Amino acid sequence: MTKQETEQKIKSISDKIVAEYKPEKIILFGSFAWGNPTKDSDIDLLVVKKSNKSTLEMMRDIYEIIFDKGEAVDVVAYTPEQLEKRKKIGDPFVLNIINNGKILYAGS
9 MTKQETEQKI KSISDKIVAE YKPEKIILFG SFAWGNPTKD SDIDLLVVKK
59 SNKSTLEMMR DIYEIIFDKG EAVDVVAYTP EQLEKRKKIG DPFVLNIINN
109 GKILYAGS
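Under our numbering, the first residue of the sequence shown carries the number 9, and numbering increases by one thereafter.
Right under this line is the structure:
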């Protein structure tokens with residue numbers, strides 16, 4: 009897959025999540041965001057949305073939306089409050105995504 013085809017796939021997945029899940033933010037992280045994907049790389053997304061659901065329930069909802077896309081996608085989902093808490097405690101995983109990830113969508 010060419011870089012342009014890959015970028016289009018990522019945009020298509022992001023657009024579908026925005027249309028059907030209505031998140032506040034989507035951030036691409038991992039090898040595609042860092043610019044060093046391999047043929048075995050999956051698409052890593054952090055999705056932020058206000059919700060009363062658990063993280064696992066949020067992730068399940070997103071996977072159900074993108075299931076038909078046929079791509080290897082790994083989703084991490086947080087509410088804005090959960091994300092802020094992780095930033096405050098210095099979670100290196102979250103800080104790396106925030107500092108180095110590529111914002112695909114940021115709601116108005």
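Cβ coordinates follow ideal geometry from the N, Cα and C atoms, glycine included.
No experiment lies behind these values; they were computed from the predicted model shown.
Under DSSP, the beta strand (DSSP E) around aspartate 52 begins and ends at which residues? 51 to 56
So, under 8 Å CB-CB, lysine 17 and glutamate 72 are touching, yes? Tell me the CB distance rounded to an integer number of Å. Not really, about 19 Å apart at Cβ, beyond 8 Å.
Look up phenylalanine 75 in the DSSP assignment and give the residues it is bridged to. BP columns for phenylalanine 75 are empty, so no partner.
Expressed to the nearest angstrom, what Euclidean distance is found between the alpha-carbon atoms of glutamate 28 and isoleucine 70? 9 Å
Straight-line gap, isoleucine 139 to asparagine 108 (C-alpha atoms, nearest Å): Coverage of the chain is limited to positions 9 through 116, which leaves residue 139 absent and any answer about it impossible.
Suppose the cutoff is 7 Å on Cβ atoms and the five residues either side in sequence are ignored; what does the same chain contact list for proline 88 look like? Glu32, Val56, Lys58
Can the beta-carbon of isoleucine 35 be found less than 8 Å from the beta-carbon of leucine 64? no
Which residues mark the beginning and the end of the beta strand (DSSP E) in which isoleucine 34 is found? 33 to 37
With DSSP as the reference, please indicate the residues paired to valine 81 in a beta bridge. Ile51
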